[in-house]
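Below is one structure, written out as structure tokens; comments come after it.
Number of protein chains: 2
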Amino acid sequence: MAYRQTNKVMEKFQSKKKEILKAAREVFAENSYQGTSIKTIAQKAKIATGTFYLYFTNKDALITMIVEEMFHELLKCIKHERANFTDGFDKLQASMEACIKLFVKEKNMAKILLVQVPGVNNAFNAKLIDIENELIKLTKEDLDELKKQDRIPDEDTFVTALAFVGSFRQVIINWLREGKPEDLEAAFATLMKYNLRGMGKGDGS
Amino acid sequence: MAYRQTNKVMEKFQSKKKEILKAAREVFAENSYQGTSIKTIAQKAKIATGTFYLYFTNKDALITMIVEEMFHELLKCIKHERANFTDGFDKLQASMEACIKLFVKEKNMAKILLVQVPGVNNAFNAKLIDIENELIKLTKEDLDELKKQDRIPDEDTFVTALAFVGSFRQVIINWLREGKPEDLEAAFATLMKYNLRGMGKGDGS
DNA sequence: AGAAACAATGAATGCTAATTCACATTGTAC
DNA sequence: GTACAATGTGAATTAGCATTCATTGTTTCT
Numbered sequence: 024m025a026y027r028q029t030n031k032v033m034e035k036f037q038s039k040k041k042e043i044l045k046a047a048r049e050v051f052a053e054n055s056y057q058g059t060s061i062k063t064i065a066q067k068a069k070i071a072t073g074t075f076y077l078y079f080t081n082k083d084a085l086i087t088m089i090v091e092e093m094f095h096e097l098l099k100c101i102k103h104e105r106a107n108f109t110d111g112f113d114k115l116q117a118s119m120e121a122c123i124k125l126f127v128k129e130k131n132m133a134k135i136l137l138v139q140v141p142g143v144n145n146a147f148n149a150k151l152i153d154i155e156n157e158l159i160k161l162t163k164e165d166l167d168e169l170k171k172q173d174r175i176p177d178e179d180t181f182v183t184a185l186a187f188v189g190s191f192r193q194v195i196i197n198w199l200r201e202g203k204p205e206d207l208e209a210a211f212a213t214l215m216k217y218n219l220r221g222m223g224k225g226d227g228s
Numbered sequence: 024m025a026y027r028q029t030n031k032v033m034e035k036f037q038s039k040k041k042e043i044l045k046a047a048r049e050v051f052a053e054n055s056y057q058g059t060s061i062k063t064i065a066q067k068a069k070i071a072t073g074t075f076y077l078y079f080t081n082k083d084a085l086i087t088m089i090v091e092e093m094f095h096e097l098l099k100c101i102k103h104e105r106a107n108f109t110d111g112f113d114k115l116q117a118s119m120e121a122c123i124k125l126f127v128k129e130k131n132m133a134k135i136l137l138v139q140v141p142g143v144n145n146a147f148n149a150k151l152i153d154i155e156n157e158l159i160k161l162t163k164e165d166l167d168e169l170k171k172q173d174r175i176p177d178e179d180t181f182v183t184a185l186a187f188v189g190s191f192r193q194v195i196i197n198w199l200r201e202g203k204p205e206d207l208e209a210a211f212a213t214l215m216k217y218n219l220r221g222m223g224k225g226d227g228s
């Protein structure tokens, strides 16, 4: 009789899948998408290359799953931090602080999402753009709220949101690539001040 | 007797090389580095694939030359605009305005430099990082000058420079990828205001 | 015009890496 | 413990390109 759907078997399957994902994250963080081979991932996960295909249909499915996982981790983290605040400025600050803290903690994640960006035309890149757009959307919503409250000047909040996200992105990328600024969390303070002034925060609080 | 070094021949050689470069720029703007084949470039340049190798030693040499050309165009453009100003804020503004105007005019250039970024480990990427670092360095110099003049707060100018460049980069990338903001030059005004406030420009001028 | 130098061609070569597959090993049920 | 289901294996297959090369076409020089 078939024994496929039993708990024990399923769990084992899922646990091995997770191991492969973990190994893959490490490899992708050090090499670009094109630059990492299934063979290398398989070696790191201590399986044969063929075994990989029992768990994932192909390389694209793997990277898509990794990026989606990271997307969820990131959004969960941001939403969790934001929940503590109601003020627009505070929410913006909480969002970026959540990002930075997560990236410091999970450097591989940051490397994959921000540095190992391959060219267009694959699932990986499309997902990455989704993540970025979601972050920009969230930022814009906060800015629109602040604008409605007359707490920031009447300017294009979309452009402002891009500027906000872009400034963080650049600092994080430089930190990943060149190790500068050394202390990302310290840089965060400067960066936050820069952006709050940039938005035109009056002296409310 | 050899006829290699005569003017006519050399000129023809150089002119064909330029044609190939032009075709290559167009192809690279639409596909990533890995995603474009020499065959496609050759077709666009109306030559056989083998002919390509009479003009360039390999694919890497081609992209390196393209990126270097663009680097020079960009720096020339920036330096030219900056020459009209002595004030730090004005110089910063001139730099970014020069960038934006060039990218609007030469959209393919922007696409190659900003969107078709392949993963690491090739000459293309290294050059791109050089360009970015050069821009950041220029920005930091202006900021240091302003700081010495006590015209901006005493904060980490490196982080500020990253934020400045990053905000522009993000807006330009979004414009290239999604076509938003529609009018990049209009967005420039918002962006510049954002960044001048961000730097902490007092009300000098 | 004829010979030598050079340029152009595109099919052949070679390499790399994803994916498959025939076979081997392990796990489950009875 | 045996039969069958499922997993694991890694060598073989395949496909896509970059690069080369033998051949053909073109230009220059005398």
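Chains A and B are the protein sequences, given in the same order.
For what it's worth, the working numbering labels the leading residue of the first sequence as 24, then goes sequentially.
For what it's worth, the working numbering labels the leading residue of the second sequence as 24, then goes sequentially.
Ideal placement from N, C-alpha and C gives every residue a C-beta, glycine not left out.
Partner residues on chain A for residue i, Cβ-Cβ distance less than 7 Å
i: residue 193/B; result: 185, 186, 188, 189, 192
i: residue 126/B; result: Those do not exist, as residue 126/B stays about 15 Å from chain A at its closest Cβ, beyond 7 Å.
i: residue 197/B; result: 185
Cβ-Cβ separation, residue j to residue i (assumed contact under 8 Å), whole Å
i: residue 165/A; j: residue 111/A; result: 5 Å
i: residue 47/A; j: residue 85/A; result: 6 Å
i: residue 161/B; j: residue 122/B; result: Their Cβ separation, rounded to whole angstroms, is 11 Å, which puts residue 161/B and residue 122/B out of contact at 8 Å.
i: residue 172/B; j: residue 56/B; result: Actually they are not in contact, since the Cβ atoms of residue 172/B and residue 56/B sit about 43 Å apart, beyond 8 Å.
i: residue 43/B; j: residue 94/B; result: With a Cβ gap of about 19 Å, residue 43/B and residue 94/B do not count as contacting.
i: residue 49/A; j: residue 67/A; result: 6 Å
CB contact flag (residue i, residue j, <8 Å)
i: residue 196/A; j: residue 137/A; result: yes
i: residue 51/A; j: residue 101/A; result: no
i: residue 78/A; j: residue 31/A; result: no
i: residue 213/B; j: residue 217/A; result: no
i: residue 82/A; j: residue 72/A; result: no
i: residue 104/B; j: residue 117/B; result: yes
i: residue 132/A; j: residue 126/A; result: yes
i: residue 181/A; j: residue 170/A; result: no
i: residue 175/B; j: residue 223/B; result: yes
i: residue 210/B; j: residue 179/A; result: yes
i: residue 114/A; j: residue 108/A; result: yes
i: residue 124/A; j: residue 199/A; result: no
i: residue 147/A; j: residue 87/A; result: yes
Per-residue contacts from residue i into chain A (C-beta, under 9 Å)
i: residue 173/B; result: Within chain A, no residue comes near residue 173/B; the closest Cβ sits about 17 Å away, beyond 9 Å.
i: residue 152/B; result: 200, 201
8 Å Cβ cut-off: residues of chain A touching residue i
i: residue 225/B; result: Those do not exist, as residue 225/B stays about 11 Å from chain A at its closest Cβ, beyond 8 Å.
i: residue 178/B; result: 213, 216, 217
i: residue 116/B; result: The contacting residues do not exist; residue 116/B stays about 15 Å from chain A at best.
Neighbour list for residue i in chain B, Cβ cutoff strictly below 8 Å
i: residue 203/A; result: 181
Partners in chain B for residue i, counting only beta-carbon separations shorter than 9 Å
i: residue 210/A; result: 179, 181, 182, 185
i: residue 221/A; result: 186, 190, 216, 217, 218, 219, 220, 221, 222
Answer yes if the segment 190-210 of chain A comes into contact with the segment 184-193 of chain B, meaning at least three C-beta pairs across the two stretches below 8 Å, and no otherwise. The segment 184-193 of chain B is in contact with the segment 190-210 of chain A.
For the segment 41-121 of chain B, which segments carrying the alpha helix (DSSP H) assignment without a break, of at least 4 residues, lie completely within its bounds, in sequence order? Correct list: 61-67, 72-78, 82-105.
Can you give, in chain order, each stretch of the alpha helix (DSSP H) that sits fully within the segment 170-225 of chain A and has at least 4 residues? Every alpha helix (DSSP H) stretch that sits fully inside the segment 170-225 of chain A and reaches 4 residues is listed by chain position as 180-201, 207-222.
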